[in-house]
Amino acid sequence: LLFVQLFAYWLYWICIQGESLLHMYQLRAFGVSVEDFTRYNIVQQALSIFGLFVVMPIVSGWMGVHETVLLTCITGLSGVGLTGAAFARNLWPEYYVANFVAFMYYCQYAIVRSLFTKTVETDEVGKIFSALALIAAASPMINGFGARAASRIAAPSR
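Counting from 242, one number per residue, gives the positions in the sequence shown under my numbering.
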């Protein structure tokens, strides 16, 4: 069970590193300028902060929803939102609404860490968190190869 959780955490980090290609995708698909992408990114980060500091405590603390159920719901909504964004034909409303559905995307990292503390013994939490830090540090290097390959594929031929 622990290795399955670590693998899922690694997949989350690979997906988050994929956002380094987001501006290139928006530029090619919709012609988004750097200024517009910056505004979009600010709104997306503000929604994520709102989800982490307002929605999460309400749902998990006051309503008593277990972390596993919450993680499943957030991962499902993120999948729906990211899939909808991939197939959006217009920037507004399709692309933005699809990304709004996935605004709790960044909250899954906090939930996974919380679940890890409940899965292992108390004296093993430091080892698990060091493994999570290793995954977080290694995934940008691993994803760098994929990003370079994707940029070569998406580059216009000359």
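Beta carbons: idealized from backbone N, C-alpha and C, even for Gly.
Requested in this report: Could you check the C-alpha separation between Ala343 and Leu323 for me, to the nearest Å?
Outcome: By one-based count along the sequence shown, residue 343 stands at place 102. By one-based count along the sequence shown, residue 323 stands at place 82. Those two C-alpha atoms are separated by around 7 Å.
Query raised in the report: Whose CA, out of Thr363, Arg354, Met382 and Leu262, lies closest to the CA of Leu247?
Result: For this step, residue 247 is matched to residue 6 along the sequence shown. Answer by Cα proximity: Arg354.
Query raised in the report: Relative to the C-alpha of Tyr336, which residue among Ser319, Gly325 and Tyr346 is closest?
Result: Along the sequence shown, one-based indexing puts residue 336 at 95. It is Gly325 whose Cα lies nearest to the Cα of Tyr336.
Report task. Enumerate in chain order the residues of its own chain whose CB-to-CB distance from Arg399 is below 6 Å, with the five nearest sequence positions on each side excluded. Result -> Working through the sequence shown from its first residue, we reach residue 399 at position 158. Unreliable placement is indicated for Arg399, whose pLDDT of 44 sits below 50; no coordinate value is reported for it.
**Report entry** Val338: first and last residue of the uninterrupted alpha helix (DSSP H) it sits in
**Finding:** Your numbering for residue 338 matches position 97 in the sequence shown. Note, Val338: alpha helix (DSSP H), Tyr337 to Val342.
Query raised in the report: Less than 8 Å separating the beta-carbons of Leu293 and Ala351?
Result: Taking the sequence shown and counting its residues from 1, one reaches residue 293 at position 52. Taking the sequence shown and counting its residues from 1, one reaches residue 351 at position 110. Yes.
Query raised in the report: Alpha carbon to alpha carbon, what distance is there between Asn340 and Leu364?
Result: Here residue 364 is taken as the residue at index 123 of the sequence shown, counted from 1. Here residue 340 is taken as the residue at index 99 of the sequence shown, counted from 1. The residue asked about is misnamed: residue 364 is Asp in this sequence, not Leu. C-alpha separation (whole angstroms): 39 Å.
Query raised in the report: Pick from Ala249, Trp254, Val245 and Leu243: whose alpha carbon is nearest that of Ser380?
Result: Taking the sequence shown and counting its residues from 1, one reaches residue 380 at position 139. If we check each option's Cα against that of Ser380, Trp254 comes out closest.
Query raised in the report: Closest by CA to Gly272, which one among Leu373, Asn331, Gln349 and Cys256?
Result: Within the sequence shown, residue 272 is the residue found at index 31, counting from 1. Taking only the C-alpha atoms, the option nearest Gly272 is Asn331.
**Report entry** Span of the alpha helix (DSSP H), counted from its first residue to its last, around Met304
**Finding:** In the sequence shown, counting from the first residue as 1, residue 304 sits at position 63. No alpha helix (DSSP H) contains Met304, which DSSP labels as neither H nor E.
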